[in-house]
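Q: Take 795 as the starting number for the sequence shown in our numbering and just add one per residue. Idealized CB from N, CA, C, for every residue including glycine.
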Amino acid sequence: MNEDLAKAGVYNPLQQKLITAMADIRNNAAHGDYDQFTKEDVHRMIEDIERFLLAYSS
């Protein structure tokens with residue numbers, strides 16, 4: 795879906811990369827791979843999600 799939204803021009807390739815990075819953190823957490831991210835990564839992800847929602851919610 796992320797790729798499709800970027801291709802459709804809903805957001806740019808940089809935003810697509812940020813979403814992919816957030817998904818990677820989420821997937822690592824869901825699979826118990828806690829050594830793959832830091833607490834700071836999680837804080838940054840939450841801030842990025844908040845910014846995304848402000849920018850792209852209608």
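1) For the 8 Å Cβ check, are there 3 or more pairs between the segment 802-812 and the segment 825-837?
2) Hey, quick one: how far does the alpha helix (DSSP H) through THR832 stretch, first residue to last?
3) Do you know how far the Cα of ALA824 is from the Cα of ARG845?
4) Can you tell me the Cα-Cα spacing of GLU797 and GLN810, whole angstroms?
A: Taking the geometry as given:
1) By the Cβ criterion, the segment 802-812 is not in contact with the segment 825-837, since fewer than three pairs of Cβ atoms, one from each stretch, lie closer than 8 Å.
2) Locating residue 832 in the sequence shown gives position 38, where the first residue counts as 1. First-last for THR832: undefined, no H or E at that position.
3) Translated into positions along the sequence shown, residue 845 becomes position 51. Translated into positions along the sequence shown, residue 824 becomes position 30. If you take the alpha carbons of ARG845 and ALA824, they lie about 23 Å apart.
4) As a first step, residue 797 is located in the sequence shown; it is residue number 3 there, counting from the start. As a first step, residue 810 is located in the sequence shown; it is residue number 16 there, counting from the start. Within the model, the alpha-carbon separation for GLU797 versus GLN810 is close to 7 Å.
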